[in-house]
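Residues 378 to 825, numbered by our numbering, are exactly what the sequence shown covers, in order. Since the structure comes first, as structure tokens, the remarks are kept for the end.
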Amino acid sequence: MGIKIDSRQSWIVALATSLLMSCSVWTFRCAGLIYVALIDQLGVSAENASWPIVIFCAASSVLGPAVGAASMYVSIPTLFIFSSCSGTLSVVLASYARNIWEITLTLGLMQGVCSAFPLTLGSVLVTRYFDRYQTTAIGVFLSGPAIVSMALTLVMQAILDEFGLQWSLLLLSGLTAQSIPAALLIKTIGPPEEQTDQTQRGTITKKPVHLPMSKSASFTALTSSKTSAGRTGYTDYHTKKKVPKMVLRQLRRNKVCRDTPRIAEAGDAVLSYMVERTGRKRNSERSGKPPDTFTLLRLRWFYALLAVTVGFIFVNTTLLNLIVALARDKKVTSDVAGRLVALLAFGDLLGRICSGWITDKEFISREHLMLINYTLLSVGLIGLGTFSHPITLCFLVTLIGWLLGSSVILFTSITRNRLGFKLLALSSGWYFFFGGILALTRPPMIGV
């Protein structure tokens with residue numbers, strides 16, 4: 378018997394995974410301060426100073442497909458224990474580095490490899506323990522790195538000034554070590570109840586029935602009732618839970634014949650059913666093997682989500698790397714420049730924690746919210762390059778942080794809804810892979 382979905386233990390898993398993620402990727406979240414410290418204390422060029430963070434991003438991203446594939450054969454908590462121990466060792470070794478290339482090897486490559494595991498599998502693990510509160514839980518999970526970034530950047534500059542880069546890394550290796558007990562806690566809680574690929578809050582059962590056109594389907598009965606305002610509402614017959622109107626609209630217009638529920642009405646009866654062509658079962662389903670990359674590449678939604686995610690990764694990593702340097706180029710004082718990193722993290726944190734209810738309460742679909750966020754993000758980035766007044770920069774950075782935080786919590790839910798649960802880890806790995814490849818183009822652009 379596994380852990381019950383949406384239970385108290387599920388929230389403990391989300392918090393523990395958030396702590397593990399925060400302690401594993403703090404170097405990435407403080408990239409702007411480390412970038413400036415490398416230039417000031419080691420006397421390297423701007424292009425060379427960007428390599429440790431770029432290699433960190435590339436290593437943690439390029440290994441995504443391998444990490445996603447490994448999770449199909451080794452439990453995610455076990456992989457987390459390995460990455461936590463190795464990540465702590467890499468930061469300790471970085472404290473003994475004496476030149477930019479040794480720091481690139483330890484803090485960049487080694488730490489990036491270890492961070493690939495929580496980056497790729499963290500949201501996947503949290504999703505397994507939640508259904509109804511899925512988006513909010515992912516927001517809680519992703520809020521940890523933003524909290525660490527906001528708190529750590531307030532003291533990071535003082536630590537660097539007082540102790541220097543090497544001693545600062547040795548001190549902060551203790552923060553990385555806190556990921557080890559978090560991984561052990563996740564391991565002791567145990568796996569969740571077994572779930573099937575579904576997109577509508579557990580209302581779809583796996584009872585095959587025969588429908589026209591040689592299709593088999595899974596279904597659940599919905600009952601209709603009139604509200605006080607004279608409107609028709611639908612309730613799940615078995616769980617007695619109200620079905621949100623947005624979900625009903627989505628089910629009625631779905632035309633996808635793979636892993637997507639659809640809805641049909643026959644008089645007073647309403648059926649929500651999962652359609653799957655019986656004559657085109659995947660090889661992985663016939664053989665019992667996990668789905669592979671070729672299965673993923675046949676889905677058109679994968680390419681749309683890939684483009685959206687890769688663009689997000691590039692914008693987010695570039696901002697974290699260059700926000701302090703951008704402020705200095707605009708003749709902003711060093712104190713204000715350091716605060717911009719904290720404001721970016723503050724806006725990011727608010728977006729991750731406070732925006733999940735927008736989609737969980739069905740005010741707007743996840744896809745539409747993503748479209749709005751990206752439109753406003755484009756406007757904010759243009760303004761960031763145009764204006765130079767400190768107050769304007771602070772406002773724009775906070776707004777951009779909110780939009781980034783509000784967007785990042787949607788990727789896993791949209792991927793699960795559109796591609797299915799079994800392909801979630803593999804698709805997440807490929808998102809980070811192509812994001813890391815694109816990140817390698819950044820150092821030459823910085824050096825121009």
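Note that CB positions come from ideal geometry on N, CA and C, so glycine has one too.
Asked	Found
Beta-carbon proximity of Ser438 to Gly521, cut-off 7 Å	no
Per-residue DSSP class, three states only, for Pro569	strand
With 16 other Cβ atoms within 10 Å as the buried cut-off, status of Arg677	exposed
Collapsed DSSP secondary structure at Ile382 in the structure displayed	coil
The region 541 to 550 touching the region 435 to 454, judged by at least three CB pairs closer than 8 Å	no
Classification of Thr769 by the beta-carbon crowding that lies within 10 angstroms, buried from 16 upward	exposed
The region 685 to 703 / the region 796 to 809 touching (three or more Cβ pairs under 8 Å)	yes
Nearest-angstrom beta carbon gap, Val431 and Ala493 [assumed within contact, 8 Å]	Between Val431 and Ala493 the Cβ distance is about 15 Å, and since that is not below 8 Å, they are no contact.
DSSP state of Arg475 mapped onto helix, strand, coil	coil
Buried versus exposed call for Thr818 [16 or more other C-beta atoms within 10 Å across all chains shown]	exposed
Arg743 and Ser790 closer than 7 Å at C-beta	yes
Minimum C-alpha distance to Lys708 - residue among Ser765, Pro429, Ala559	Ser765
Ala704 beta carbon less than 7 Å from that of Ala714	yes
Delimiting residues of the alpha helix (DSSP H) encompassing Asp706	677 to 706
DSSP state of Cys491 mapped onto helix, strand, coil	helix
Touching by the beta-carbon criterion (3+ pairs, under 8 Å), the region 415 to 426 and the region 461 to 472	no
For Cys491, the nearest candidate out of Leu758, Tyr506, Cys462 (CA to CA)	Cys462
Sub-7 Å separation of Gly778 and Leu721 beta-carbons	yes
Neighbour-count burial assignment, Leu699, 16 or more Cβ in a 10 Å radius	buried
Among Leu803, Leu758, Ser384, nearest to Pro569 - alpha-carbon criterion	Ser384
Residue of Arg795, Ile477, Val390 minimising C-alpha distance to Leu673	Arg795
Check whether Leu726 and Ala523 have beta carbons under 7 Å apart	yes
Exposure of Leu496, with buried meaning 16 or more beta-carbon neighbours within 10 Å	buried
Where Arg795 falls: helix, strand or coil (DSSP)	helix
Within 7 Å, strictly: CB atoms of Thr512 and Asp737	yes
Inter-stretch contact (C-beta, 8 Å, three-pair minimum) for the region 549 to 557 and the region 386 to 406	yes
DSSP-derived helix/strand/coil call for Phe740	coil
Host alpha helix (DSSP H) of Val439 (start-end)	428 to 439
Gln787 and Leu753 closer than 7 Å at C-beta	Here the sequence assigns Leu to residue 787, which means Gln is not the residue at that position. Result no, Cβ atoms of Leu787 and Leu753 do not sit closer than 7 Å.
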